[in-house]
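Everything on this sheet refers to the single structure shown next.
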Amino acid sequence: MPMNRAQLHRLVRIVDELRAKRYPNARTLAEKLEVTSRTIHRDLDVLRDDWHAPLEFDRRRNGYYLADPGWQPPVGAGLARLGAGEALALVLSLQALEAVRAHGLEDAFRALLQRLPELLPDQVTVDLASLAHRVSFFFEPARGDPEAVGERLGALRAAIEACRVVRLRYYTASRDQETTRLVEPYHLRYYDGAWYVAGFCRWRQDVRTFAVDRIREIQVLAETFPPPTPDRFSPDVYFGEAWRLQRGAERQKVVVRFHPPQARYVRGRTWHPSQESREEQDGSLVLSFRVLGTEEIMRWLLQFGAGVEVLEPASLREAMVAEVEAMARLYR
Numbered sequence: 001m002p003m004n005r006a007q008l009h010r011l012v013r014i015v016d017e018l019r020a021k022r023y024p025n026a027r028t029l030a031e032k033l034e035v036t037s038r039t040i041h042r043d044l045d046v047l048r049d050d051w052h053a054p055l056e057f058d059r060r061r062n063g064y065y066l067a068d069p070g071w072q073p074p075v076g077a078g079l080a081r082l083g084a085g086e087a088l089a090l091v092l093s094l095q096a097l098e099a100v101r102a103h104g105l106e107d108a109f110r111a112l113l114q115r116l117p118e119l120l121p122d123q124v125t126v127d128l129a130s131l132a133h134r135v136s137f138f139f140e141p142a143r144g145d146p147e148a149v150g151e152r153l154g155a156l157r158a159a160i161e162a163c164r165v166v167r168l169r170y171y172t173a174s175r176d177q178e179t180t181r182l183v184e185p186y187h188l189r190y191y192d193g194a195w196y197v198a199g200f201c202r203w204r205q206d207v208r209t210f211a212v213d214r215i216r217e218i219q220v221l222a223e224t225f226p227p228p229t230p231d232r233f234s235p236d237v238y239f240g241e242a243w244r245l246q247r248g249a250e251r252q253k254v255v256v257r258f259h260p261p262q263a264r265y266v267r268g269r270t271w272h273p274s275q276e277s278r279e280e281q282d283g284s285l286v287l288s289f290r291v292l293g294t295e296e297i298m299r300w301l302l303q304f305g306a307g308v309e310v311l312e313p314a315s316l317r318e319a320m321v322a323e324v325e326a327m328a329r330l331y332r
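So this is what it looks like as structure tokens:
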């Protein structure tokens, strides 16, 4: 039967567990492969019905085993093997993910790198040490205690996969306040050194974004919710309407002028999906954006100092003036 590469690799991993005589069951396999038990049961059906695996269940050990230890899966080597380009892409992706401190997945990354030679054709090799000298990545270190954030991310990934409601005890930094929320989690996003979860907050009756490192406690409940439809939640739309993460109540047009020295560093890059640009005769660059809320874009603009000027809206221009005057008072 046709299957995608993700399912094929899952089946190979399950066969590895069976051959190692670890007596896995649906629950342990679901935890190890980070999918639902329902997905594992479908995979086991494929092993039994399509691959004709001699799969048996040992009630005493509460797990599956192969009645014929010499059984071989009917998978051609080419199906489970990677090409040179795929191997390089995989290694670079793992290096990038390790650089962002993807809490809770570090062991899985290392295990995958160790298994890489098994996935390569005999004529293809990847020198990991040499590659590390040629290509590297740097991202802002992830915020929060690695172990605590890793545990929260694991619970959230499971809840998102199974569409389970979570109860959060959450600390809001802007109000210096802890609250308890019931949330339907939809999506995990890594941005600027921190992990966030977007989901429907039943207290606010709206989709909100929560910083994972500010979750004090999390409980995955038995209650489920319908998977969000695209009109209810789309990551591209939800995050695309904000400057980065924070969404304001009103969509505004922001117009800024970068003066010539700074414009040379800014042009040629798309800072937001709504961006429009105009070149000025003196070498200045005028950019315009349409965003929900201006608090985040104001923080972004401040890094350019006197190299940028807000033209619209007047409220953002006034906020910039107030911030600059406050900074001047601080340094006098």
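All residue numbers for the sequence shown refer to UniProt numbering, where the first residue is 1 and numbers rise by one.
Beta carbons: idealized from backbone N, C-alpha and C, even for Gly.
In three-state terms, what does DSSP make of residue i?
| i | result |
| --- | --- |
| D206 | strand |
| E280 | coil |
| K21 | coil |
| R164 | strand |
| Q72 | coil |
| E309 | strand |
| P185 | strand |
| L79 | Confidence is the limiting factor: at L79 the pLDDT is only 48, short of 50, which leaves the residue's position unreliable and the question unanswerable from this model. |
| V237 | helix |
| A111 | helix |
Buried or exposed for residue i, going by 16 or more other Cβ atoms inside 10 Å?
| i | result |
| --- | --- |
| S213 | According to the sequence shown, residue 213 is Asp rather than Ser. By the neighbour-count rule (16 or more Cβ atoms within 10 Å), D213 is buried. |
| W203 | exposed |
| V324 | exposed |
| A331 | Here residue 331 turns out to be Tyr, not Ala, going by the sequence shown. It is exposed - the Cβ of Y331 has fewer than 16 other Cβ atoms within 10 Å. |
| Y265 | exposed |
For the beta strand (DSSP E) that contains residue i, what are its first and last residues?
| i | result |
| --- | --- |
| Q219 | 215 to 224 |
| E34 | Counting along the chain, E34 falls outside any beta strand (DSSP E), and DSSP gives it neither H nor E. |
| W195 | 194 to 201 |
| V286 | 285 to 292 |
| E56 | 55 to 58 |
Are the CB atoms of residue j and residue i within a distance shorter than 7 angstroms?
| i | j | result |
| --- | --- | --- |
| I218 | V166 | yes |
| L88 | D43 | no |
| residue 365 | A96 | What the structure shows of the chain is the stretch from 1 to 332, and residue 365 is not part of that stretch, so it cannot be assessed. |
| G283 | P260 | yes |
| A194 | A211 | yes |
| G293 | G248 | yes |
In the DSSP assignment, find the unbroken alpha helix (DSSP H) run with residue i in it and report its ends.
| i | result |
| --- | --- |
| Y265 | 260 to 266 |
| E250 | Where E250 is concerned, there is no enclosing alpha helix (DSSP H), given that its DSSP letter is neither H nor E. |
| S315 | 314 to 331 |
Kindly indicate which residue of the options has the alpha-carbon position closest to the one of residue i.
| i | options | result |
| --- | --- | --- |
| Y191 | R152, D206, F139, L301 | F139 |
| T39 | E147, E161, R61 | E161 |
| Q277 | L292, T294, V256, E184 | Looking at the sequence provided, one finds Ser at residue 277 rather than Gln. Ranking L292, T294, V256, E184 by Cα distance to S277 puts V256 first. |
| P230 | V149, H187, Q275 | H187 |
| L90 | P73, F109, P74, Q72 | F109 |
| L221 | V197, Y170, L156, R329 | L156 |
| V135 | Q303, A20, D127 | D127 |
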